[in-house]
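As structure tokens, the structure follows; a few thoughts come after it.
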Amino acid sequence: SAVISQKPSRDICQRGTSLTIQCQVDSQVTMMFWYRQQPGQSLTLIATANQGSEATYESGFVIDKFPISRPNLTFSTLTVSNMSPEDSSIYLCSVEAPNRDREAFFGQGTRLTVV
Amino acid sequence: AQKVTQAQTEISVVEKEDVTLDCVYETRDTTYYLFWYKQPPSGELVFLIRRNSFDEQNEISGRYSWNFQKSTSSFNFTITASQVVDSAVYFCALSEIWGNTPLVFGKGTRLSVIA
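Sequences listed follow chains A and B, in order.
If you want our numbering, it's the 1-based position in the first sequence plus 41.
If you want our numbering, it's the 1-based position in the second sequence plus 191.
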């Protein structure tokens with residue numbers, strides 16, 4: 042299985058500031074996925090991050106608001122920029138370990154509160 | 192397009208009762224995977240099961256069982272003799288077998304088991 046370390050686990054931030062979330066995987070993976078889970082809601086895909094190329098964003102999410110880096114095959118960051126209270130959510134990174142029949146592994150999540 | 196529907200938003204049961212969580216899916220693919228994940232209050236997503244669309248055999252794992260009915264596009268999850276530790280949000284998810292597209296999640300069912 043893949044072990045994913047995501048940090049910070051939680052944060053309380055002032056509106057207008059930015060927060061960078063880190064995701065470290067214990068094995069090399071081609072794609073990493075970033076999800077947002079608003080309070081009481083399901084997971085919504087923000088973007089897919091490939092190493093060495095620009096992330097692919099889903100409808101409703103833009104690079105200026107959620108810039109993503111993917112410098113190597115085991116690490117990615119998601120930045121939530123110019124935050125507002127509406128950005129208060131759990132953010133999760135996810136990977137599919139090789140040869141695991143599409144089983145997705147998730148980080149512990151980052152619980153973000155914007156005040 | 193793929194879609195997963197979990198019609199039950201919240202369920203409450205008394206400890207030791209059996210409970211079934213419903214999942215209905217839509218896909219144009221003839222082969223696909225179905226998943227169930229558990230999200231306890233701590234927030235992480237825990238993988239429970241993956242089912243290949245080729246295999247309609249029901250599966251039992253301890254107090255958990257899954258009923259896959261391809262004819263009705265359903266993949267229901269039953270917990271027998273529920274326990275307080277089963278209290279969580281449960282997500283059903285769908286993915287294509289080949290490729291790197293991410294999972295499509297249902298909205299989740301919040302299960303509360305009362306002592």
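Positions of the beta carbon are idealized from the N, C-alpha and C atoms, including for glycine.
Keep in mind that this is a model prediction, so the values were computed, not measured.
Just the Cα atoms here: how many angstroms apart are residue i and residue j?
i, j, result
"T271/B", "E206/B", "10 Å"
"T88/A", "S110/A", "Position check: residue 88/A holds Ala in this sequence, whereas Thr was assumed. Their Cα atoms are separated by approximately 11 Å."
"W289/B", "S264/B", "20 Å"
"P112/A", "Q92/A", "6 Å"
"E235/B", "S273/B", "21 Å"
"I62/A", "I251/B", "38 Å"
"L285/B", "T269/B", "18 Å"
"W257/B", "C283/B", "11 Å"
"A198/B", "K298/B", "8 Å"
"F266/B", "E137/A", "22 Å"
"Y98/A", "E208/B", "43 Å"
"F147/A", "F107/A", "19 Å"
Say whether chain A places a C-beta atom closer than 8 Å to the C-beta of residue i.
i, result
"R219/B", "no"
"F282/B", "yes"
"E247/B", "no"
"S286/B", "yes"
"R242/B", "no"
"F296/B", "yes"
"F259/B", "no"
"F268/B", "no"
"G299/B", "yes"
Could you check whether the Cβ of residue i sits closer than 8 Å to any Cβ belonging to chain B?
i, result
"E95/A", "no"
"I131/A", "yes"
"A90/A", "no"
"F102/A", "no"
"F107/A", "no"
"R143/A", "yes"
"Q63/A", "no"
"Q149/A", "yes"
"R56/A", "no"
Using a Cβ-Cβ cut-off of 7 Å (strictly less than) and excluding sequence neighbours within five positions of residue i, which residues of its own chain qualify?
i, result
"V155/A", "C54, R56, M124, S125, P126, D128, S129"
"S203/B", "S303, I305"
"N243/B", "Y224"
"R254/B", "I270, T271, A272"
Cutting at 6 Å between CB atoms, please list the residues of its own chain near residue i, excluding the five before and the five after it.
i, result
"V44/A", "D67"
"R51/A", "R152"
"E201/B", "R301"
"T85/A", "R77"
"I131/A", "Q78, G150, R152"
So does residue i have its beta carbon nearer than 7 Å to some heavy atom of the ligand GTP?
i, result
"V121/A", "Judged by which ligands are present, the structure shown has none, so any question about the ligand GTP falls away."
Residues in the same chain with beta-carbon distance under 8 Å from residue i, minus the five sequence neighbours each way, listed in chain order, please.
i, result
"P293/B", "S286"
"D105/A", "S122"
Near-chain B residues of the region 110-126 of chain A - C-beta to any C-beta below 8 Å: Within the region 110-126 of chain A, no residue qualifies.
Please list the residues of the region 65-85 of chain A that have a C-beta atom closer than 9 Å to any C-beta atom in chain B, keeping them in chain order. Cβ contacts with chain B come from T71, M72, F74, Y76, Q78, G81, Q82, S83, L84, T85.
Which residues, in chain order, does the region 194-205 of chain B contribute to contact with chain A at a C-beta distance below 7 Å? Within the region 194-205 of chain B, no residue places its CB atom closer than 7 Å to a CB of chain A.
Please identify, using Cβ separations under 7 Å, the residues of the region 222-235 of chain B that lie next to chain A, in order along the chain. Cβ contacts with chain A come from Y224, G234, E235.
With a cut-off of 8 Å, do at least 3 Cβ pairs link the region 219-234 of chain B to the region 279-298 of chain B? Taking a cut-off of 8 Å on C-beta distances, the region 219-234 of chain B touches the region 279-298 of chain B, as three or more cross pairs fall below it.
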